[in-house]
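Have a look at the structure below, then the notes.
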Amino acid sequence: MDNRILIADERSEISIAAAGRSETGPVRAVNEDSLFSAAPVFAVADGLGGHHRGDLASRAMVEQLGLSVRPGRPTAPEAIFTAITAANATVRSWSTRGGIAGTTIAGVALVSLSTQIDLHWMVFNIGDSRVYLRDERGLRQVTVDHSAVQELLDDGSITREQAASHPDRNVVTRAVGVEDDADPDVWLIPVSGRQTFVICSDGLTRDVSEAEIVGDLDAGVENAASALVERAIRQGSRDNVTVVVVDAVSTETGPQSPGYHDDRPLGVLEETLPRT
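1184 is the number that my numbering gives the last residue of the sequence shown; the numbers go up by one with no jumps.
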């Protein structure tokens, strides 16, 4: 039985179980990945491989998330932006001491936008760590990689099959700590029914297919995170591998707010939607 916590507002209750695992893998000497798993925020950060202080950069990112949110309660989008901004400033300052430091970040946060709008999952990312969502429609990738290969895919220069072995597949085009500003892409997903999120570093996605992710999710939260990491290592991952699995079940306890509309403008979040 998964250990679950309950988060509630005036109109719904969300039961959440989560588990994470991070492994150095058989090739790397240092684990540059870090994870954060404490409701209402779950995230994976992947320090830039081969860069100065990659492990410290990813750790600084998840530590800032812990400082910016209140455990066990819905948070606000601004808290996530604050954490990313603070981590960016910290990691950026190290570059003045020699070498470039940086990290990706990908995660989900249970957010309250206002008293008139029901709870949402806010998915966010910078870099090529990913968030997947499994719901009644199946499994889909929510985030879009900030990578050289993704840009080639977007403009039709290469196929997905070519992307898997492209020489620039390790090159990220956006990261925390590299530029003066760190702007995440953001998606807002209404809380509804059962939703399972997989948050992972690219050490998983290079060697494990979406079909294999779905298969391991059926093992339950605790088993799924470990099963996915072990599968990636078994199938030849040469990178650190980190996975956080979040399973959320929501139940309506009151009427939907009269002021709630799916197409209602969402203020600052309108400016942080992912590129199309």
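Built from N, CA and C at the ideal position, the CB exists for glycine as well.
Residue i, enclosing beta strand (DSSP E) - first and last residue
| i | result |
| --- | --- |
| residue 1098 | 1093-1098 |
| residue 1159 | 1149-1160 |
| residue 851 | Nothing in the structure corresponds to residue 851, since the chain is present only between 909 and 1184. |
| residue 1041 | 1038-1043 |
| residue 951 | 949-954 |
Residue span of the alpha helix (DSSP H) that contains residue i, given as start and end
| i | result |
| --- | --- |
| residue 1121 | 1118-1125 |
Collapsed DSSP secondary structure at residue i in the structure displayed
| i | result |
| --- | --- |
| residue 917 | coil |
| residue 924 | strand |
| residue 934 | coil |
| residue 911 | coil |
| residue 1051 | coil |
| residue 999 | helix |
| residue 1008 | coil |
| residue 946 | strand |
| residue 1046 | strand |
| residue 967 | helix |
Those residues which DSSP pairs with residue i across a bridge
| i | result |
| --- | --- |
| residue 972 | None, per the DSSP bridge assignment. |
| residue 1137 | For residue 1137, which the question treats as bridged, DSSP gives no partner whatsoever. |
| residue 1018 | 1029 |
| residue 1079 | Its beta-bridge partners do not exist; DSSP assigns none. |
| residue 1111 | For residue 1111, which the question treats as bridged, DSSP gives no partner whatsoever. |
| residue 941 | 954 |
| residue 1084 | 1011 |
Anticipated Cβ contact below 8 Å, residue i with residue j, distance rounded
| i | j | result |
| --- | --- | --- |
| residue 952 | residue 1015 | 7 Å |
| residue 1050 | residue 1040 | 7 Å |
| residue 1000 | residue 1091 | About 14 Å separates the two Cβ atoms, so there is no contact after all. |
is_contact[residue i, chain B] using C-beta, thresh 8 Å
| i | result |
| --- | --- |
| residue 1086 | Among the protein chains of the structure shown there is no chain B, as only one such chain exists. |
Pair every Cβ in the segment 964-975 with every Cβ in the segment 986-1004, then say whether three or more of these pairs are closer than 8 Å. yes
Taking contact to mean 3 or more Cβ pairs, one atom from each stretch, closer than 8 Å, check whether the segment 1016-1031 and the segment 1085-1104 are in contact. yes
Take every Cβ of the segment 1106-1123, pair it with every Cβ of the segment 1032-1039, and state whether three or more of those distances are shorter than 8 Å. yes
The segment 924-940 touching the segment 1149-1160, judged by at least three CB pairs closer than 8 Å: yes
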